[in-house]
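Worksheet for the structure shown next.
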Amino acid sequence: MSIKQKLVASVLWMTGAALFNNLSTLIVFVALARILTPTEFGIVAFAGIFIDFSRVLVLAGIPDALIQRPVWDDITASTAFWMNMTISVVLSLILVVVAAPLIATLYDETFGLVLATMAIILLVEGATTVHVAQLRREFRHKIIARRGIIANSIGGLLGVTLAFNGWGVWSIVISRLLASITTSAILLFSSSFRPKMTFSTAIFKELFLFSSPILSSQLLNQISAQTPSLLIGIFLGPFAIAQYRVGSRSLGLITSLAVMPIQSTSISALSRTAKTPGRLSQAYLRLTRICGLLTCPVLLGLAAVAPDFVLVLFGSQWSQAGHVLTAIAIIALPLTLGYFESPTLNAAGRSDLTFKTSLVASLTGVVAASLATPFGPVCVAAALTLRSHLTMPYSVGLVRQATGVTFHQAIQNILPSYACAATMAIIVAALRIGVFADMAEVMRLLICISAGALLYCLLMITFARTYLQTNLKDILNAIPKK
-7 MSIKQKLVAS VLWMTGAALF NNLSTLIVFV ALARILTPTE FGIVAFAGIF
43 IDFSRVLVLA GIPDALIQRP VWDDITASTA FWMNMTISVV LSLILVVVAA
93 PLIATLYDET FGLVLATMAI ILLVEGATTV HVAQLRREFR HKIIARRGII
143 ANSIGGLLGV TLAFNGWGVW SIVISRLLAS ITTSAILLFS SSFRPKMTFS
193 TAIFKELFLF SSPILSSQLL NQISAQTPSL LIGIFLGPFA IAQYRVGSRS
243 LGLITSLAVM PIQSTSISAL SRTAKTPGRL SQAYLRLTRI CGLLTCPVLL
293 GLAAVAPDFV LVLFGSQWSQ AGHVLTAIAI IALPLTLGYF ESPTLNAAGR
343 SDLTFKTSLV ASLTGVVAAS LATPFGPVCV AAALTLRSHL TMPYSVGLVR
393 QATGVTFHQA IQNILPSYAC AATMAIIVAA LRIGVFADMA EVMRLLICIS
443 AGALLYCLLM ITFARTYLQT NLKDILNAIP KK
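The sequence shown begins at -7 in this note's numbering and counts up by one.
Structure representation (C-alpha cells):
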C-alpha cells in the first residue's frame, strides 16, 4: 500500500472514530449541559485550562520527534519515555502541592480539589506518549481510533449517570479520569514498545534540540488558546467562562470531525514527502483544498445557524454561547490553512518557522483577548476571529519559506469552496432572521441546515464544477481498493 493510500486509510479510520466520538461526545455534552449549571461547568473548564497547558509540557514535542526519525529504536524510545514520565511527575506535584491549595484560597475551594484530582491525567497520559507516537508512525490509526471510541463511550456514560444522580462537577472530573485511564490501558497493550531501564544523554540532547522549537510553539499555541478562557474566568467568573467554553467547544466538536482526522495523520505522510522536491508543496495544497471543500461550508453554515443550534441542543440558559459560536465559526478561511501549517513546517524540518508563527499568534491573541474581555465573551470571540484573519498572510508567508507555496496560491486553492460557502451562509442567515423568524427553533434549524447543504452543492456545481471534480478525483484515486 502506498503512502498516499496509507494516509487515506488512516484518515478514514480517524474520520470514522471522530464521527462516533463527536456524536457520543455531543450527546454527553448536551446531557451534562442540561443537567448541570453553567457555574458547575465553569469550574471544571477553569481547571481544564491548567491541565491542557500542562499536557503540552508533558508531551514536550517528543511524539513529533519520534515520528520524524527515519528508524525506530528502543533506546531512543526509552529515553523519550523517561523524559515524559519525569516531566509528568514534576508537573503533577506542582499542581497538587502548590497550585491547587493556592488557587483554592484565592478563588474557590472546590476548584482546588478539582484541579488536584485532574492532575492524575498528566501521569496517565505521560506513560503512553511514546506508545501513541509509535502507533502514529506506523499508520496504525485503526488502534488509536478504536481506543478513542471505547474510552469516550465508557467515560461519557459514567459522566451522565453521575450527573443525573447529583454528583455535580465531579461527574465531569471522574468521567475524564476514567476515559484517560481506559485509553492508556488499551494503548499499552496495543503497542509493541516496552520501556527499558536505559537513558542516553546523547539521544536526550538530540531529541531536545529537535523538539524544543516544537514545544515552544505548542506552548505559545496553548497560551493563545487558553488566555481568553483564563481572562474570562478571572475577571468575569465561572458563568461567563462556561458560556465561552460551550460556544468554542461546539466549534471544536465540528472541527474534530471535519479537520482533526486529516491533520492527525498528515504529519506522517508529509514527513515522507519532504525528501522529494516539490512534493511537499503539492501535498500541502492538496490537503488544504480537500479540507476546505468540507470545512468552509460546515463552519460558515454553522455561523449562520449558531444561535438556534445552541438553543436547541443545550437550552435557553446557554443563549450567550450561541453568539460566541457565531463569532468563532467565521474563522473558516484562516482555520483551513492553519491546520496544516505546523505539520508542513515540521515535515520540512523548519520547526523554527513553527515557533515564529506560534509566537505571533500567541502575542496577538493575548492582546486581542485582553482588550475584549471587559466587553464579554462574545466580544472576545469576535476579537480572536479578527486577529486570525489579520495574521493569516504572515503565517502563509512562513509556509512559503518551507515549501514555496505563495499566499496567492494558498488562497486560490480554497477560494471556490470559501466563496460558495460564504454566499450560502449569507442567504441562510437572511432566511433565518427574516423569513423564518416566527418559526419554532427546532423546525427553523432543520430547514436552514437542509437549505444550506442544498444551496452549497448547487453553487459548487454551477460555479466551480471543474474544481469540485478535481477534488473528488483526488479523493477517489487515493482511497485504497480494499
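For glycine and all other residues, C-beta sits at the position ideal for the given N, C-alpha and C.
Buried or exposed: where does ASN157 fall if 16 or more other Cβ atoms within 10 Å of its Cβ makes it buried? exposed
Under a three-way DSSP split, which group does SER145 fall into? helix
Could you pull out every unbroken alpha helix (DSSP H) segment of at least 4 residues lying fully inside the segment 293 to 368, listed in chain order? 311 to 321, 324 to 330, 333 to 339, 343 to 364
Would a C-beta distance cut-off of 9 angstroms place ALA353 and SER216 closer than the cut-off? yes
Taking the alpha helix (DSSP H) that PHE428 belongs to, which residues open and close that run? Unbroken run through PHE428: none, as it is neither H nor E.
Am I right that SER167 and GLY147 are in contact with their C-beta atoms under 8 angstroms? What's the rounded C-beta distance? 4 angstroms
One question on the structure: do GLN218 and ILE41 come within less than 9 angstroms of each other, judged by their Cβ atoms? yes
Cα-Cα, which of THR365, ILE79, MET435 is closest to ILE224? THR365
To the nearest angstrom, how far is the alpha carbon of SER242 from that of LEU317? 7 angstroms
Cβ of ASN213 within 9 angstroms of Cβ of VAL82? no
Return the first residue and the last residue of the alpha helix (DSSP H) that THR398 is part of. Premise fails: THR398 is in no alpha helix (DSSP H) and is neither H nor E.
Where do the N-terminal and C-terminal ends of the alpha helix (DSSP H) with TRP74 fall, by residue? 66 to 85
I'd like to know whether the C-beta atoms of THR120 and LEU199 end up nearer to each other than 9 angstroms. no
Looking at C-beta atoms only, is the number of pairs between the segment 420 to 428 and the segment 438 to 450 that lie closer than 8 angstroms three or more? yes
Close Cβ partners of ALA72 (< 7 angstroms) along its chain, the five nearest in sequence each way excluded: ILE54, LEU58, VAL122, LEU199
DSSP three-state assignment for ILE189, whether helix, strand or coil: Checking the sequence, you will find Met at residue 189 rather than Ile. MET189 falls in the coil class under three-state DSSP.
Run through DSSP, which three-state label would TRP162 get? helix
DSSP state of ASP100, grouped into three classes? coil
ILE141 to VAL152 span [Cα, whole Å]: 17 angstroms
Going by alpha carbons, who is nearest to GLY284 out of SER273, ALA275, SER308, LEU329? LEU329
Mind checking VAL297: buried by the 16 CB within 10 Å criterion, or exposed? buried
Any contact between the segment 375 to 390 and the segment 301 to 314? By contact I mean 3 or more CB pairs, one from each, below 8 angstroms. no
Could you check which residue in THR68, SER273, VAL116, VAL88 has the C-alpha nearest to that of VAL106? VAL88
By DSSP, does LEU28 sit in helix, in strand, or in coil? coil
Between the Cα of GLN144 and the Cα atoms of MET431, GLY444, PHE21, which residue gives the shortest distance? A quick correction: the sequence has Asn, not Gln, at residue 144. Of MET431, GLY444, PHE21, the residue nearest in Cα terms is PHE21.
Measure the alpha-carbon distance for ARG271 versus THR454 and round it to whole angstroms. 31 angstroms
Compute the Euclidean distance between the alpha carbons of ILE406 and LEU149, then round it to the nearest angstrom. 39 angstroms
How many Å lie between ILE246 and ILE67 at the Cα? 39 angstroms
Buried/exposed call for VAL359, threshold 16 Cβ in 10 Å: exposed
How about THR349 and TYR410: do their beta carbons lie closer than 9 angstroms? no
Quick one: grab the DSSP three-state call for THR174. helix
Going by beta-carbon coordinates alone, are VAL495 and SER172 separated by less than 9 angstroms? Summary: the structure shown does not reach residue 495, with the chain confined to residues -7 through 474, and so no result is reported for it.
ALA456 to CYS449 span [Cα, whole Å]: 10 angstroms
Is it the case that the Cβ atoms of ALA23 and PRO230 are separated by a distance below 9 angstroms? no
Residue nearest to LEU485 in terms of C-alpha spacing, selected from GLN309, ALA321, ALA108, ARG342: Not covered by the structure: residue 485. The range shown for the chain is -7 to 474.
Which residue wins for smallest C-alpha separation from PRO30, given the options SER311, MET110, GLY396, GLN404? SER311
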